[in-house]
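In what follows, a structure is listed as structure tokens, so that the remarks can point back to it.
Here is the structure:
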């Protein structure tokens, strides 16, 4: 099964490995400049508020990360935690760095510590959900991601994580809802992401002609007025390779097909609606029209 890497890149998909050893020495700051107290982005993907109580450790870690020394940045945060062992800010920043470096189990521990110390911290719940999904812990991932959304944190990456976790559990209709929401939340639709989402209809012949017809009626005018018949047939052929060949070859098959990206977007939307129509026409209508719909428990 094809799953795309998260915003942190391929490193986050390497799985759980041992965390790097703590570095004994960290350069000190001596230029007298004042730190920026707006939220800082760690690991290229996760923002954490600045806390002046542990500002020195955060500043040193930030300088090291910017210099390309992620291990040194983690070491600086380690030293800060020795002095402030209950600083959720340091744990969250370190968890973000661990995920970016592919140390997923270490990241999971840090995000779990954050939500224990600060259970109202929605972004930490979101980070925990992303890490658990990448560790192939779908139930734990969904629990954390649901809590993040309850606290008002929602983003395309979190929706994709929910879709992938639901898919892993075999909840195809609910996964389709989250894929569709993620696609609505961003205009950056890569062919691989669209192929991943559309492949929920991996066996289109299992869906009746009536379902496909109804799905195309619901999506007509929504995404490039539905995919042309030739594109639909081409997508069925391309998706027949899904799960059996590397993602690069799947992408190559799409590029060789001559389909336009708009046609792929249209077909993906139709496919997602068709999947939900297997169970409920109401869900399919909600998905097509962009109205709220809740997945079943």
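Numbering (the working numbering), first residue to last: 87 to 383. All residues carry an ideal CB built from backbone N, CA and C; glycine is no exception. Computed from a prediction, not measured in an experiment: that's the story for all the values here.
Distances from the alpha-carbon of residue 362 to those of 348, 274 and 261 put 261 closest. Under the DSSP assignment, residue 131 falls outside any alpha helix (DSSP H); it carries neither an H nor an E label. Under the three-state reduction of DSSP, residue 202 is assigned to helix.
Counting only the Cα atoms, residue 141 lies some 49 Å from residue 340.
Using a Cβ distance threshold of 8 Å, residue 210 and residue 231 do not count as a contacting pair.
Secondary structure at residue 207: coil, using DSSP grouped into helix, strand and coil. The beta carbons of residue 167 and residue 159 sit about 13 Å from each other, so the pair does not count as a contact at 8 Å. In the structure shown, residue 148 adopts helical secondary structure according to DSSP, grouped into three states. A direct Cα-Cα distance of roughly 53 Å separates residue 345 from residue 138. DSSP, reduced to helix, strand and coil, places residue 172 outside both helices and strands of the structure shown, so it counts as coil.
Ranked by Cα distance from residue 239, the first of 185, 215 and 250 is 215. Note: residue 127 is bridge-paired with 133 in the DSSP secondary-structure output. Contact between residue 131 and residue 186 holds: CB atoms are separated by about 6 Å, below the 8 Å threshold.
Distance from residue 301 to residue 356 at the Cβ level is roughly 5 Å; contact confirmed, criterion being Cβ atoms closer than 8 Å. Under the three-state reduction of DSSP, residue 143 is assigned to helix. Between the alpha carbons of residue 202 and residue 284 lies a gap of roughly 37 Å.
Residue 181 places its beta carbon less than 8 Å from that of residue 196.
Across the structure, residue 334 and residue 352 are spaced so that their CA atoms are roughly 22 Å apart. Within the same chain, Cβ atoms closer than 6 Å to the Cβ of residue 173 are found at 140, the five residues on either side in sequence being excluded. The criterion of a C-beta distance shorter than 8 Å is not satisfied by residue 206 and residue 134. One thing to note: residue 242 has its Cβ no nearer than 8 Å to the Cβ of residue 350.
Between the alpha carbons of residue 275 and residue 336 lies a distance of about 16 Å. Distance between residue 208 and residue 296, taken at the CA atoms: about 42 Å.
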